[in-house]
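Undergrad: Letter by letter, the sequence shown follows residues 8 to 417 of the numbering used here.
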Amino acid sequence: MQHRIIVLGAGYTGAVAAGRLARRLRREDVALTLVNAEPDFVERVRMHQLAVGQELRPRPFREMFAGTGVELRQATVTGVDADRRTVTVTDAAGTTGELAYDTLVYALGSRWDTHGVPGAAEHAHEIASRPGALRLRERLAGLAAGEPVVVVGGGLTGLEAATEIAESRPDLDVSLVARGDLGDWLSPRGRRHLRKVFDGLGITVHERTPVTAVAAGHVTTDGGTLPAAVTLWTTGFAVHPIAKATTLESTGTGQIVVDGTMRSVSHPEVYAIGDAAMVEGPGGKPLRMSCASGVPTAWQAADAIAARLTGGKLPTTAPRYFNQCISLGRREGLIQYVTADDRSVRAALTGRLAARYKELVCKGAAWGVANPTLGLPTRRRPVLPGRATPAGAPAATPEATPDAPVDTAA
């Protein structure tokens, strides 16, 4: 019997894990299914570019996984039963089905987080998803010159969004509202460059200004109100809520607790990667939600699964950080070098060279999804006898949906 591996979510982490597993294991020994709501790969790190009208290169999964044996199941995950080892999915037609697994890779990632601020969900825009970025794109295109755009949140997403909007629409009145000081985690060199770029683009910065409410035409802060024809909310991410509703051990925020191989500490047949996992980095600090954190966890999980199935050596490389790459429009950038546990050091790269560096990083991330072993030669290894179906695993269940998964290897 083939070992059934299901990967939930095809963002950077899920797509990398699926592709890496396909290159590590013999096709005849495993049935590898990737479940995702969209038919193509979304470059989440470019959503601020999409929002201002830039066209992004399409990356269909049919092409990306052609010839690998990965089967794409285009559907939305609506539930996980970790005890029965089943996943419930709903396709675009609204038909619900159930998939059984022997090994599950949970990579459903995260979404925007309003932190419960009144009016944010109803009146603010988000760019944590492609639909959100497209809605913002349409709204920005309809704004007249001089109308105010307020970006709430002074993290990486907020910095990139504010500068991208201000550069592409210099006729708009763009402001950024931050709870702390602008770029307060950066080195002195990084902060100086950030302020220089913001001043050059005419972005008004409201520092140490918490937002307490959002309305249709303004945001309320603890110091008054700011007019806002458009409010963009970028105050962080919240994990997908499905895991918290399962029997998987998770944190209070819903992240699945894993060991050093990304394996669930409560259900050993489940692996969690990316934003969905509570992963300890250097010094015991949790990894932040980011592509830089997620991709190494995908490598770790895929290699650990393959090793356990084939009798290979378990991976032992711990994730660490090297830099934070920030685009500040298309012509400016900031590369802040950091310690292994993500603390800024004095060194920083700025200007056009930093913008080119960031663009190479973005292109490299997308290339890495299609080339999950980074171009290195690999050999598909056989699954050892007795490891194809773990003891106590449920029998394969028929699909409740009439359409079979698409085999992209065909």
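All C-beta atoms in this analysis are idealised placements derived from N, C-alpha and C, irrespective of residue type, glycine included.
Please state whether DSSP places T238 in a helix, a strand or coil.
TA: strand
Undergrad: So, helix, strand or coil for I280, using DSSP?
TA: Coil, per DSSP.
Undergrad: Could you tell me which residues DSSP pairs with V332 in its beta bridges?
TA: Here residue 332 is Cys; the residue named in the question, Val, does not match the sequence. According to DSSP, residue pairing for C332 in a beta bridge involves I342.
Undergrad: Around the Cβ of P195, are there at least 16 other Cβ atoms within 10 angstroms (buried) or fewer (exposed)?
TA: exposed
Undergrad: Looking only at C-alpha atoms, which of K365, T238 and P46 sits nearest to F72?
TA: P46
Undergrad: Comparing C-alpha positions only, which one of R27, L63, R11 and A44 sits nearest to C369?
TA: L63
Undergrad: For P379, count the other beta carbons within 10 Å of its own beta carbon; 16 or more makes it buried, fewer makes it exposed. Which is it?
TA: buried
Undergrad: At the level of alpha carbons, what is the spacing between E276 and L255?
TA: 11 Å
Undergrad: Can you tell me whether G291 is buried or exposed? The criterion is at least 16 other CB atoms within 10 Å of its CB, across all chains shown.
TA: exposed
Undergrad: Report the residue ranges of all beta strand (DSSP E) runs contained in full by the region 148-206; include only those spanning at least 3 residues, in chain order.
TA: 155-159 and 180-184
Undergrad: Quick check: L183 and V212, are their CB atoms within less than 8 Å of each other?
TA: yes
Undergrad: Residues in the same chain with beta-carbon distance under 6 Å from A25, minus the five sequence neighbours each way, listed in chain order, please.
TA: V14, L41 and V77
Undergrad: Can you give me the Cβ contacts of S136 inside the same chain, cut-off strictly under 6 Å, excluding the 5 residues immediately before and after it?
TA: none
Undergrad: Counting C-beta neighbours from all protein chains within 10 Å, is the total for P405 16 or more, i.e. buried, or is it exposed?
TA: Caution is warranted here: a pLDDT of 34 is assigned to P405, below 50, making its placement in the model unreliable, and no coordinate value can be reported.
Undergrad: Compute the Euclidean distance between the alpha carbons of L208 and R338, then round it to the nearest angstrom.
TA: In this structure, the CA atom of L208 is about 11 Å from the CA atom of R338.
Undergrad: Report yes or no: do three or more beta-carbon pairs, one from the region 143-152 and one from the region 318-334, lie closer than 8 Å?
TA: no
Undergrad: Got a sec? Which residues, its chain only, sit under 7 Å from A417 by beta carbon, not counting five neighbours each side?
TA: With a pLDDT of only 24 at A417, under the threshold of 50, the placement of this residue in the model should not be trusted; the figure read from the coordinates follows. Excluding positions up to five away in sequence, the list is empty.
Undergrad: Kindly confirm or deny that the region 297-315 and the region 270-287 touch, where touching means at least three C-beta pairs closer than 8 Å.
TA: Three or more beta-carbon pairs drawn from the region 297-315 and the region 270-287 are found closer than 8 Å, and the two stretches are therefore classed as touching.
Undergrad: I need the DSSP call for G399, collapsed to helix, strand or coil.
TA: A caution first: G399 carries a pLDDT of 44, below 50, which makes its placement in the model unreliable, though a value can still be read off. When secondary structure is reduced to three states using DSSP, G399 falls in the coil class, being assigned neither helix nor strand.
Undergrad: If you run the structure through DSSP and keep just helix, strand and coil, what is A220?
TA: strand
Undergrad: Measure the alpha-carbon distance for A355 versus K203 and round it to whole angstroms.
TA: For A355 and K203, the distance between alpha carbons rounds to 15 Å.
Undergrad: Suppose you measure from the CA of Q262 to the CA of R118; what does that come to, to the nearest Å?
TA: 13 Å
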